[in-house]
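Undergrad: Please find one structure pasted underneath; my questions will follow.
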Amino acid sequence: MLKIVIIGYGKMGKEIEKQLKNESCEISAIIDNEDDWKLYRKAFENSDVAIEFSTPNTVINNLLECFNAHIPVVCGTTGWAEETENMIKECQKTSNALVYGSNFSIGANLFFKINELTAQWMNHHQQYDVMIEETHHIAKKDAPSGTAITTANIIINQLDRKNGWALNDDRQPDNINILAHRIGNEPGTHVVRYRSDNDCIEITHRAFSRAGFAQGAIKAAFWLYKNRGIHPFHDIFMKI
C-alpha cells in the first residue's frame, strides 16, 4: 500500500486528506510546521511519495526536504515561479522525482490547451485584444494566480503582439492585463476575453470546489511513484 505524506494542511491539504480516504493508500504523516517536521521525521522518511500544497514562503524548504530524502513529490503550491529552474536543478542533483503545476484540475489543463490553440488562431486577427480575469477566495496569498500567469504565458508564446503581462494595469498595449479579485470562499474562476469593436469571445474555467484539484494531485502522485522524472503537470495530465 502506497504511503503518502501530505505537506501543508490548509484548505487544499485538508481536501487531499479527505479525497485520499477513497484511495488504496496510507497517509503516513501530515506536516504543516517546523514542529511537525521534527515529530514526524521518521514517518516522512518512510513515505513513498509526498503531496505538497503549502505557501510561497515554505514551499522551497519543503521541496528540498523531499529531494534530500529521495521522496518523489507532487507540488501544487504557486508563487514560486522564479525559483522553478533552481528547484529542477536541485531535483536532478538528488536524482529525485517531481510533478509541479499551477493547477491540478483536469478541466483547467484542458483550458490551457484550448487557450494555446485559440491564441494561435488569434495571432492572425489583430483587431482582437486579450485580457484575463481571475477570482479566488480572500485567503489566497498570491495575485495574480498561478493559473492566470500560466495562461498568460501560453498566450504570449503564441500571440506576436503580446510580450508580457501586468496585474490590474491596461496601460501597455503589448501586455496582457490580468484583473485579480479576492472574494469570499471562491475556489477559482478564470476568464480569457478576446474583444474587438464588433464582438467578444470568452473562454472560462470555473471550479465548483477544491475536489478536482485534490483528485488531480492524487492521481499525479500515484503516477509519479511509477514514472520517475521531472514533469510539469500539463505534460502528463492526459496520462494519469
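The sequence shown begins at 1 in our numbering and counts up one residue at a time.
Quick reminder that beta carbons are idealized off the backbone N, C-alpha and C, glycines included.
Excluding the 5 residues preceding and the 5 following F112 in the sequence, name in chain order all residues of the same chain whose CB lies nearer than 7 Å to its CB.
TA: Cβ within range, chain order: T150, T151, I154, H234.
Undergrad: Tell me whether N61 sits in a helix, a strand or coil according to DSSP, three-state version.
TA: Three-state result, N61: helix.
Undergrad: Give the single residue among R206, C200, A214 whose Cα lies nearest to the Cα of G188.
TA: Nearest C-alpha to G188: R206.
Undergrad: Distance, Cα to Cα, I114 vs K38?
TA: Spanning the two alpha carbons is a distance of roughly 44 Å.
Undergrad: Considering only residues of the same chain and omitting the five flanking positions on each side of V5, which have a CB-CB separation below 6 Å?
TA: Same-chain partners within the cutoff: S28, A29, F44, S47, A50.
Undergrad: Pairs of beta-carbons, one from the region 187-203 and one from the region 123-132, closer than 8 Å: are there three or more?
TA: Contact holds: three or more Cβ-Cβ distances are below 8 Å.
Undergrad: For the pair the region 222-240 and the region 80-97, tell me if three or more CB-CB distances fall below 8 Å.
TA: With the cut-off at 8 Å, the region 222-240 and the region 80-97 touch.
Undergrad: Select from F208, P232, K89 the residue whose C-alpha is nearest the C-alpha of A217.
TA: The shortest C-alpha separation from A217 is found at P232.
Undergrad: What residues are listed by DSSP as bridge partners for A243?
TA: Because the chain in this structure spans residues 1 to 240, residue 243 falls outside the shown range and cannot be described.
Undergrad: Would you call C66 buried or exposed, if buried means 16 or more other Cβ atoms sit within 10 Å of its Cβ?
TA: By the 10 Å Cβ count, C66 comes out buried.
Undergrad: Any heavy atom of the ligand NAD within a distance shorter than 8 Å of the CB on A50?
TA: The ligand NAD is not among the ligands present in this structure, which contains no ligands whatsoever.
Undergrad: For H234, report the span of its alpha helix (DSSP H) as first-last.
TA: Per DSSP, H234 belongs to the alpha helix (DSSP H) from 233-236.
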